[in-house]
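For the record, the sequence lines run as chains L and A.
Residues 4 to 319, numbered by the working numbering, are exactly what the first sequence covers, in order.
Residues 4 to 319, numbered by the working numbering, are exactly what the second sequence covers, in order.
Since the structure comes first, as structure tokens, the remarks are kept for the end.
Number of protein chains: 2
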Amino acid sequence: MKLNERHLMQLAAVLDAGGVSEGAAMLGLTQPAVSRSLAMLEARVGEPLFVKGRRPLQATQLGFQLAAQGRTIITASRKASDAVQGFMKGTKGVVRVGGVPFFMDAMISRMIGEFQNLEPEVTVQQSYLNLPEMVAALEGNQIELGIVPIGVLDLGPGFEFTEILPGRNIVACRPGHSLLRNRRLRAHDLTSFPWVAPLPGSPLMSDLQMILMSIGMSDLNIRYSGGSLMSVINYLAETDALAVLPFSVVFAQRKENRVTVLPYEIPQPNRSLGILRRVGGLRAPAAERFAAHVTTSFENLRHIIKRHENAVVWGR
Amino acid sequence: MKLNERHLMQLAAVLDAGGVSEGAAMLGLTQPAVSRSLAMLEARVGEPLFVKGRRPLQATQLGFQLAAQGRTIITASRKASDAVQGFMKGTKGVVRVGGVPFFMDAMISRMIGEFQNLEPEVTVQQSYLNLPEMVAALEGNQIELGIVPIGVLDLGPGFEFTEILPGRNIVACRPGHSLLRNRRLRAHDLTSFPWVAPLPGSPLMSDLQMILMSIGMSDLNIRYSGGSLMSVINYLAETDALAVLPFSVVFAQRKENRVTVLPYEIPQPNRSLGILRRVGGLRAPAAERFAAHVTTSFENLRHIIKRHENAVVWGR
DNA sequence: TAGCTTCATAGCAAAATGCTATACAAGCGG
DNA sequence: CCGCTTGTATAGCATTTTGCTATGAAGCTA
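Below, the structure written as structure tokens:
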């Protein structure tokens, strides 16, 4: 007993509007069209849906039950239309963002929150990815956007990279660390403390290698590795350990005052944080909106950093 | 932007089945039919719903969102079909029962419970009506069944009355009432106690008038009136008041032992409790089932009463 | 009972839907 | 890398459905 969904919708409209003519008008149809639909539905069902010879129109119990389903069909249909509208305007839908863990935790998660204060109907699915997986995920349409630091731009065609912040790493430690009292730090000062290692495969890991070389040490005393940003910060706050972190990540934590910058010059990576996406990919207006939001947020952040640095010699 | 609901359903089926051909099969259609539907939907939406040139078929985010709506449409449609099936078998739907208050409270409410243990998907809407309103409600299709005591069967055509229990009233009082100790009660013994009056307009009210006449008193000492069955029983249990009640109603309360029958013969009404319904009315299989259940329940009750009376001279 | 309003039916044109047959494209194994 | 397999898109056609206008029938109200 398969019923015609259109008929169910018309039934619902008629009951809600209180008459065939009104229901037809509500759907933008003529009265005879709806009248026939009801007759066909009734014939299909084999039971009366209306009490005959009654004005104003009165539905049977079965009529009410079917109308209830018709109503949910109407609702679903309108939701579908709304989803399309919202998708095109970028005010609805799902944005899947992959990113390197520390930046996601330190900055992007906040920006997602800000963004959703403006666009509450956009859902964001965050995932943690480093460059290789990110490229694969973009190509496989698993994510719309990637947040990643990239050096040489040799990703081939089909990808677009929007720079949002120049890469700049620092050595981080807890406030009150004994090294902060030294006027001029030497390399061997740093090697006498334990270090936190970033995740293997992350850009920071190769940066740590660079520092190692510049310091001239073949290996550091690494006692902790694998933690997320919160873990690392918690760890740094409790110990005298040192870690290589992006400056902006530490800057974003300035209000909490749990980590600070050790004034020691380290070699800087030739790399920028940016938004990676497919250029030939599918339209995803909500993702574009989010990308724009992230871009302007970082633009603002850059100014804030500059003002901050002018005001105080931060980290000393 | 009005989308075709059928297309949305097909989209959902295709995504759930994992392919156009499988989705088509699931809906009992051919692959080209569904393929074209998807193309039309995509054209209407103006955005791709599938990632092109990918096998296995991969939907876009928008495709997923629309499919979700399609899925609810499919569900609603199936629910509508189920509602029809259930209606015809009498296993689904709404039964609206009107009845005289005391019988509804004493017996029918229990039977509704029993019935729904067998037919959990039938909803029952109970209302309290006396005969005139009940006839109007049946004619106006506000209720399917009425439970009412009727004397002369002059309801005109279009109504059907199924007798379920002969009318038999008794005088009720609390167990331990002083009158129960009297061997032979006289009329004036009863008039020296206060009485509970039934609701005005109820059959019991006219029965009370009859008793009044048989006792030869022009008025009784009425101190309480208007209560539902529970109120009346609570009242009787607390006082030495007397009340005219249908025997079966008191019998139904025998386990609680809060009211009992005073062994005094009163004139019996020429009236039977029964189920009233429209004969030319709409089919209502669930209501028929319920009516059958009530009928057999009362049939059983009649036997139980008989056995009970054989075993003990009840009420003394 | 007359008149008004509202629903049902008739008849027709246009669109949508379904089918079969066939062309096309993506993955896969040799 | 080529052909094979599998699955999707397109073509063409018959049928059904859907929409409209015009008109008839039926309740309600005065």
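All C-beta atoms in this analysis are idealised placements derived from N, C-alpha and C, irrespective of residue type, glycine included.
If you draw a straight line from the C-alpha of G284(L) to the C-alpha of E166(L), how long is it?
-> Position 281 of the first sequence, counted from the start, is the residue given in the question as residue 284(L). Position 163 of the first sequence, counted from the start, is the residue given in the question as residue 166(L). The alpha-carbon atoms of G284(L) and E166(L) are separated by roughly 19 Å.
In this structure, does DSSP put F196(A) in helix, strand or coil?
-> As a working mapping, residue 196(A) is identified with position 193 in the second sequence. Here F196(A) sits in coil by DSSP.
Ignore the nearest five residues each way along the sequence and tell me which others in R226(A)'s own chain have a CB closer than 6 Å to its CB.
-> As a first step, residue 226(A) must be located in the second sequence, where it is residue number 223. Result list for R226(A): P197, in chain order.
Assuming A109(L) contacts Q256(L) (C-beta within less than 8 Å), just tell me the rounded distance between them.
-> Reading the first sequence from its first residue, position 106 is the one you call residue 109(L). Reading the first sequence from its first residue, position 253 is the one you call residue 256(L). A109(L) to Q256(L), Cβ: 7 Å. Contact.
When Cβ atoms are compared, which residues of the segment 94 to 108 of chain A fall closer than 7 Å to chain L?
-> G96 and V97
Using the C-alpha atoms, what's the distance from A27(L) back to V127(L)?
-> Translated into the one-based positions of the first sequence, residue 127(L) becomes position 124. Translated into the one-based positions of the first sequence, residue 27(L) becomes position 24. In this model, V127(L) and A27(L) are separated by some 40 Å (Cα to Cα).
Say yes only if the C-beta of A16(L) is nearer than 8 Å to one or more non-hydrogen atoms of the ligand COA, and no if none qualify.
-> Among the components modelled here there is no ligand, and therefore nothing to report on the ligand COA.
Cβ of P51(L) less than 9 Å from any chain A Cβ?
-> Against the first sequence, residue 51(L) aligns to sequence position 48. Answer yes: the Cβ-Cβ gap between P51(L) and chain A drops below 9 Å somewhere.
Using CA coordinates, which residue listed in I236(L), R189(L) and L183(L) is at the minimum distance from V199(L)?
-> Taking the first sequence and counting its residues from 1, the one referred to as residue 199(L) is at position 196. The residue with the shortest Cα to Cα distance from V199(L) is I236(L).
Check whether the Cβ of A295(A) lies closer than 9 Å to any Cβ atom in chain L.
-> The residue labelled residue 295(A) in the question sits at position 292 within the second sequence. No, no contact with chain L.
Chain L contact for Q119(A) (CB, 9 Å cutoff) | The residue you call residue 119(A) lines up with position 116 of the second sequence. Taking 9 Å as the threshold, the shortest C-beta distance from Q119(A) to chain L does not fall below it.
Between the C-alpha atoms of G204(A) and L132(A), what's the straight-line distance to the nearest angstrom?
-> As a working note, residue 204(A) is residue 201 in the second sequence. As a working note, residue 132(A) is residue 129 in the second sequence. Across the structure, G204(A) and L132(A) are spaced so that their CA atoms are roughly 10 Å apart.
Report the residues of the segment 35 to 63 of chain A with a CB closer than 7 Å to any CB of chain L, ordered along the chain.
-> V48, E50, P51, V54, Q61 and T63
Quick one: list the residues of chain L neighbouring R286(A), beta-carbon separation under 7 Å, in chain order.
-> Position 283 of the second sequence holds residue 286(A). Annotation: Cβ neighbours of R286(A) in chain L (cutoff 7 Å, chain order): E50.
Report yes or no: do the segment 284 to 296 of chain A and the segment 207 to 222 of chain A share at least 3 C-beta pairs separated by less than 8 Å?
-> The way I'd put it, the segment 284 to 296 of chain A doesn't touch the segment 207 to 222 of chain A; fewer than three beta-carbon pairs between them come closer than 8 Å.
Element boundaries [beta strand (DSSP E), containing T175(A)] | Along the second sequence, read from residue 1 onward, the residue named residue 175(A) stands at position 172. It should be noted that the sequence gives Ala, not Thr, for residue 175(A). Unbroken beta strand (DSSP E) run through A175(A): N172 to C176.
Please confirm if G318(A) has its CB atom under 9 Å from at least one CB of chain L.
-> The residue you call residue 318(A) lines up with position 315 of the second sequence. Since pLDDT at G318(A) reaches only 43, below the 50 mark, its modelled position is unreliable, and the value read off the structure follows with that caveat. No, because no Cβ of chain L sits closer than 9 Å to the Cβ of G318(A).
Say whether chain A places a C-beta atom closer than 9 Å to the C-beta of M110(L).
-> Position 107 of the first sequence, counted from the start, is the residue given in the question as residue 110(L). Answer no: the Cβ-Cβ gap between M110(L) and chain A never drops below 9 Å.
Classify I214(A) as buried or exposed, calling it buried when 16 or more other Cβ atoms lie within 10 Å of its own Cβ.
-> By one-based count along the second sequence, residue 214(A) stands at place 211. The residue in question, I214(A), is buried, as its Cβ has 16 or more Cβ neighbours within 10 Å.
Under 9 Å between C-beta atoms, does E147(L) make it to chain A?
-> Position 144 of the first sequence, counted from the start, is the residue given in the question as residue 147(L). So yes, E147(L) belongs to the interface.
Burial state of N224(A), where buried means 16 or more other Cβ atoms lie within 10 Å = To locate residue 224(A), count along the second sequence from 1; it is residue 221. Exposed: under 16 other Cβ atoms inside 10 Å.
Pull up the DSSP beta-bridge partners for L276(A), would you.
-> For the purposes of this step, residue 276(A) is taken as the residue at position 273 of the second sequence. According to DSSP, L276(A) bridges with P152(A) and L168(A).
Assign L41(L) to one of three DSSP states: helix, strand, or coil.
-> Residue numbering aside, residue 41(L) sits at position 38 when the first sequence is read from its first letter. It is helical.
Considering only residues of the segment 199 to 271 of chain L, which uninterrupted beta strand (DSSP E) runs meet the minimum length of 3 residues and lie entirely inside it, listed in chain order?
-> 225 to 228, 245 to 249 and 263 to 265
Is M110(L) helix, strand or coil when you go by DSSP?
-> Sequence index remark: in the first sequence, residue 110(L) carries index 107 (1-based). M110(L) falls in the helix class under three-state DSSP.
If we ignore side chains and look at the alpha-carbon of each, how far apart do E25(L) and E25(A) end up?
-> Residue numbering aside, residue 25(L) sits at position 22 when the first sequence is read from its first letter. Residue numbering aside, residue 25(A) sits at position 22 when the second sequence is read from its first letter. C-alpha separation (whole angstroms): 41 Å.
With a CB to CB cut of under 7 Å and the five nearest residues on each side skipped, what residues in its chain are close to Q34(A)?
-> If you number the second sequence from 1, residue 34(A) lands on position 31. Leaving aside the five residues that flank Q34(A) on each side, the residues in its chain whose CB is nearer than 7 Å to its CB run, in chain order, V23, S24 and A27.
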